[in-house]
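Per my numbering, the sequence shown runs over residues 222 to 743. To keep things clear, I will list the structure first and then write my remarks on it.
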Amino acid sequence: MPGGPAASGEGIGANAPKNRFVGIAMTAFSAFGGILFGYDTGVISGIIQMDDWLHTFGHPSLDDPTKFVISSSTQSLVVSILSAGTFFGALFGAPAADILGRKWGIVMACVVFSIGIAMQTASTAVPLFVVGRVFAGLGVGLVSCLAPMYQSECSPKWIRGAVVSLYQWAITIGLLIAAVINNATQDRHSHASYRIPIAVQFIWAAVLAGGMTILPESPRWLIKRGKDAEAAKSLSRLTRLPPNDPEVEAELKEIRANLEAERALGESSYLDCFKFTHNRIALRTLTGIFIQAWQQLTGINFIFYYGTTFFKNAGISKPFLITIATNIVNVFMTLPGLWGVERFGRRTLLLIGAVGMTVCEFIVAIVGVTVPATNLAGQRVLIAFVCIYIAFFASTWGPIAWVITGEIFPLQVRAKAMSLSVASNWLWNFGIGYATPFLVNKEVGSAGLESKVFFIWGSTCACCIVFTYFCVPETKGLSLEQIDQMYTETIPLRSLEWRRRNLGALAEKAGSDKDEALEEKA
C-alpha cells in the first residue's frame with residue numbers, strides 16, 4: 222500500500238488515463254492469495270461433519286454404534302493445526318520476502334501449499350491428514366504475510382486501503398465457495414465427498430502462482446536490494462508511465478531517501494522491531510501484533526471453523542445452507558468496507574465495527590441462553606444477529622486489520638514487523654480453533670458453553686474499542702513514507718489532527734519534488 226509522491230489524497234494514478242488502472246489491477250491480483258486461506262477455513266468446517274469423513278477418520282459413537290464421531294481433541298487438532306503451520310509460515314515470510322522478494326516468495330508459498338493439499342487428498346488416516354494441513358498452513362502463512370506486503374508496496378496511496386482490503390474480500394469469497402462445494406458433495410457416499418472439496422485447492426494455488434510470475438516485483442524491495450534500474454521499470458509497469466517520467470523519478474527518490482534515513486540507524490533485526498526509537502517502531506510493531514490478535518478475538522473464526530456444528534447443535538435443521546447464507550453476508554458486506562476505508566478512514570470504521578460486533582454478540586449469547594433450541598423464532602433471531610455481526614466484521618475489522626499492518630511499518634523492518642503481526646493472527650487463530658471444541662461441546666472434559674461462548678467474544682470486542690481509540694492512527698491518503706513521518710511527530714490518538722494540519726504541506730513538498738525531477742531531467 223505505498224503511494225505516489227502527492228499527499229492530497231491522489232497519488233500516482235489519480236486523474237490519469239484509464240490504462241493507469243491496469244497497474245492497479247496487477248497489484249490487486251495478489252489479493253487472490255486470500256482465497257487459499259478462506260477456502261481452506263471454510264472447507265474444514267464442512268468436511269468434519271460429512272458422514273464419509275467421520276467414518277474414515279472417526280470411531281463409532283457410544284450412544285449409537287451406527288454413527289461415527291470424532292473426539293473434541295481430534296476435532297481441535299484437525300481444525301487448528303493449519304493455524305500452527307500458518308504461524309511458522311508467517312514468521313518465514315520475513316526471510317522469504319527479503320531474500321526471494323515479495324513476488325517469488327508468493328510463488329514458493331503456492332508450491333508448499335500444494336504439497337499439503339496432496340497429502341490431505343491422499344490420506345485415509347488422521348496422522349497424514351494432519352501433516353498435510355501443517356504444510357498447507359505453511360503456504361497460507363507465507364501468502365498471508367507476502368500478499369498484503371506486495372499490495373502495500375505497489376499500490377498508489379489514494380486507493381491503497383481498498384486494494385489491500387481486497388485480500389480480505391478474497392478470503393470471504395474462498396469461504397463462500399467452500400460452503401457451496403461442501404453442500405454439493407456432502408451426500409456422496411464415498412471418499413469423493415471430502416476429497417473433491419480438498420483437491421479443488423490445487424486450482425487456487427496454480428492461478429495465484431501463474432499470475433504472480435508475470436507481475437512486476439515490488440519497486441521498494443528492488444531499491445532496497447540496490448536494483449534501481451529494475452525498480453524504475455517495475456514502477457513504470459505499475460503506473461503505466463515511462464521509467465524516466467518525472468512522477469516515477471520523484472517517487473523513487475522519496476523511497477530512496479526514506480530507506481537511506483533508516484539505514485543510517487544500522488541493519489535491522491527482530492529486536493529492532495521492539496526498540497523505542499524516534500519514529501516509535503516498538504509502538505508500531507505492537508500495534509500490528511495486537512490488531513491481528515484482536516481481529517481473531519472478535520470470535521469470527523468460531524463461525525467459519527465451527528459454524529456448521531454450531532448451527533446444528535442450536536437445533537437448526539439445515540446447517541449447511543445457513544453456513545452458505547452467513548458466507549454470502551460475509552462476501553457482500555466486505556464491499557462497503559472497500560469503499561469506506563478510503564471514504565471514512567481506517568480508525569472510524571474500526572471503532573464502528575467494534576461497537577456493532579459487541580452489541581450483536583451479547584444479543585446472540587442472551588438469546589442462546591434464554592430461548593430453547595426448539596423455538597423457531599429464537600432460531601431466527603440467533604441467525605439474524607449472527608449475520609449482522611458478520612456484516613460488521615466484514616466491512617470493518619476483516620479488511621482493515623490487514624490494511625493497517627500493511628502500511629504502518631518503515632521499509633527497513635517492514636518484512637520482519639509484518640511477519641510478527643501476521644504470526645500473531647495465526648497464533649490466536651490456532652489457540653481459538655483448538656480451544657473452541659473444549660469450550661463449546663457438552664462431552665465429558667469439555668466446558669459445554671454452547672451459545673454462552675458469545676459472552677466471551679462480546680467482551681473481547683469491547684476491548685477492541687479501547688485498543689482502536691488509543692493505538693490505531695488514521696493513515697488515509699498518506700504514502701508509506703508520510704506515515705513514517707507522522708509517527709515521528711505525533712501519537713495515534715492525535716493522528717487525525719496531524720493529518721488535517723499536514724496534508725497541505727505534504728502536497729506542496731510532493732509538488733516541489735516533482736518540479737525538481739523535471740529540472741534534473743531538463
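All C-beta atoms, glycine included, are put in the ideal place defined by N, C-alpha and C. In this text the structure is predicted, and so the values were computed from the model without any measurement.
Reduced DSSP category for residue i - H, G, I as helix; E, B as strand; rest coil
{"i": "residue 440", "result": "helix"}
{"i": "residue 565", "result": "coil"}
{"i": "residue 475", "result": "helix"}
{"i": "residue 691", "result": "helix"}
{"i": "residue 271", "result": "coil"}
{"i": "residue 697", "result": "coil"}
{"i": "residue 659", "result": "helix"}
{"i": "residue 625", "result": "helix"}
{"i": "residue 708", "result": "helix"}
{"i": "residue 719", "result": "helix"}
{"i": "residue 295", "result": "helix"}
{"i": "residue 724", "result": "helix"}
{"i": "residue 380", "result": "coil"}
{"i": "residue 435", "result": "coil"}
{"i": "residue 408", "result": "coil"}
{"i": "residue 500", "result": "coil"}
{"i": "residue 491", "result": "coil"}
{"i": "residue 664", "result": "coil"}
{"i": "residue 460", "result": "helix"}
{"i": "residue 485", "result": "coil"}
{"i": "residue 446", "result": "coil"}
{"i": "residue 348", "result": "helix"}
{"i": "residue 631", "result": "coil"}
{"i": "residue 542", "result": "helix"}
{"i": "residue 683", "result": "helix"}
{"i": "residue 558", "result": "helix"}
{"i": "residue 466", "result": "coil"}
{"i": "residue 285", "result": "coil"}
{"i": "residue 596", "result": "coil"}
{"i": "residue 393", "result": "helix"}
{"i": "residue 519", "result": "coil"}
{"i": "residue 233", "result": "Here residue 233 scores only 37 on pLDDT, less than 50, and its place in the model is too uncertain to base an answer on."}
{"i": "residue 745", "result": "The requested residue 745 is not part of the displayed model; the chain covers only 222 to 743."}
Interface flag, residue i vs chain D, CB-CB below 8 Å
{"i": "residue 693", "result": "Annotation note: the requested chain D is absent from the structure, which comprises a single protein chain."}
Environment of residue i [buried if 16+ CB atoms lie within 10 Å]
{"i": "residue 416", "result": "buried"}
{"i": "residue 691", "result": "exposed"}
{"i": "residue 435", "result": "exposed"}
{"i": "residue 643", "result": "buried"}
{"i": "residue 447", "result": "exposed"}
{"i": "residue 560", "result": "exposed"}
{"i": "residue 669", "result": "exposed"}
{"i": "residue 403", "result": "buried"}
{"i": "residue 593", "result": "exposed"}
{"i": "residue 445", "result": "buried"}
{"i": "residue 626", "result": "buried"}
{"i": "residue 523", "result": "buried"}
{"i": "residue 544", "result": "buried"}
{"i": "residue 694", "result": "buried"}
{"i": "residue 437", "result": "buried"}
{"i": "residue 638", "result": "buried"}
{"i": "residue 597", "result": "exposed"}
{"i": "residue 294", "result": "exposed"}
{"i": "residue 308", "result": "buried"}
{"i": "residue 468", "result": "buried"}
Residues that DSSP places opposite residue i in a beta bridge
{"i": "residue 290", "result": "280"}
Cβ separation of residue i and residue j, assumed to be a contact under 8 Å, to the nearest whole Å
{"i": "residue 419", "j": "residue 341", "result": "5 Å"}
{"i": "residue 634", "j": "residue 502", "result": "6 Å"}
{"i": "residue 518", "j": "residue 649", "result": "6 Å"}
{"i": "residue 267", "j": "residue 541", "result": "7 Å"}
{"i": "residue 623", "j": "residue 371", "result": "Wrong, their Cβ atoms sit about 12 Å apart, outside the cutoff."}
{"i": "residue 709", "j": "residue 500", "result": "4 Å"}
{"i": "residue 562", "j": "residue 570", "result": "6 Å"}
{"i": "residue 429", "j": "residue 494", "result": "The pair is not a contact, with the Cβ atoms about 28 Å apart (cut-off 8 Å)."}
{"i": "residue 359", "j": "residue 310", "result": "4 Å"}
{"i": "residue 262", "j": "residue 651", "result": "Not a contact, Cβ separation roughly 12 Å."}
Original post:
Does the region 355-373 come within contact of the region 577-589, defined as at least 3 CB pairs closer than 8 Å?
Top reply: Too few Cβ pairs lie closer than 8 Å, so no.
Original post:
Should the region 392-405 be regarded as contacting the region 308-317, the criterion being three or more beta carbon pairs within less than 8 Å?
Top reply: They do not touch, by the three-pair rule.
**OP:** Examine the Cβ distances between the region 326-336 and the region 650-664 and report whether three or more of them are shorter than 8 Å.
**Re:** Segments in contact, no.
Original post:
Three or more beta-carbon pairs under 8 Å between the region 504-522 and the region 677-686, yes or no?
Top reply: With the cut-off at 8 Å, the region 504-522 and the region 677-686 touch.
Original post:
Touch check for the region 245-264 and the region 371-378: three-plus C-beta pairs under 8 Å?
Top reply: Below 8 Å, enough C-beta pairs join the region 245-264 and the region 371-378 to call them touching: three or more.
**OP:** Please determine if the region 257-267 and the region 424-442 are in contact, where contact requires at least 3 C-beta pairs separated by less than 8 Å.
**Re:** The count of Cβ pairs closer than 8 Å, one atom from the region 257-267 and one from the region 424-442, reaches three, so the stretches are in contact.
Original post:
Quick one: any contact between the region 297-304 and the region 350-360, if contact means 3 or more CB pairs under 8 Å?
Top reply: Yes, the region 297-304 is in contact with the region 350-360.
Subject >> Segment contact, 8 Å Cβ cut-off, at least three pairs: the region 604-620 with the region 547-559 >> reply: These segments touch.
Original post:
On the three-pair Cβ rule with 8 Å, is the region 712-725 touching the region 685-703?
Top reply: Flag = yes, the region 712-725 and the region 685-703 touch.
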